[in-house]
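Structure first, commentary second.
In the numbering used here, the protein residues as written are 114 to 247.
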């Protein structure tokens, strides 16, 4: 995803991470809110088993909160790893471009070197002819 900030890959990656974390927080709050009525209902004691049910509900709520935290951490880690992967891919593509440029330069230098060698051979032969005639 490109955010159009016109900055470097690192700046874009940082912005992408911030955006993803914000979206994760919003999603987390929505998910917590969706379970709110169930928590309220479960926290009200039933006449016959009030304390036992309330304790179970509290334990389940704590377990669910741990699951949310674990999911949030994994999601954040995934965002970071995807961003790092994209940055590495971009870097690799840039290096591939540099390699292609260097190959082109080497080919050009080889051609120039070959031409200079041919010129040197011609001049050496001409010089040998002049020396032989004198």
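Note that the Cβ used here is the ideal one computed from N, Cα and C, for glycine as well.
- In this structure, DSSP gives residue 247 a state outside helix and strand, which the three-state scheme calls coil.
- The three-state secondary structure of residue 204, taken from DSSP, is helix.
- Here DSSP, grouped into helix, strand and coil, assigns residue 217 to helix.
- Three or more Cβ pairs closer than 8 Å define a contact, and the region 193-213 meets that threshold against the region 122-130.
- A distance of 8 Å or more separates the beta carbons of residue 204 and residue 141.
- Pairing residue 143 with residue 189 gives a Cβ-Cβ distance that is not under 8 Å.
- The C-alpha of residue 193 lies about 14 Å from the C-alpha of residue 122.
- Residue 188 sits in a helix when the DSSP states are folded into three classes.
- Inclusion of residue 196 and residue 130 in the CB contact set at 8 Å is warranted, their separation being smaller than that value.
- In the three-state reduction of the DSSP assignment, residue 121 falls in the coil class, being assigned neither a helical nor a strand state.
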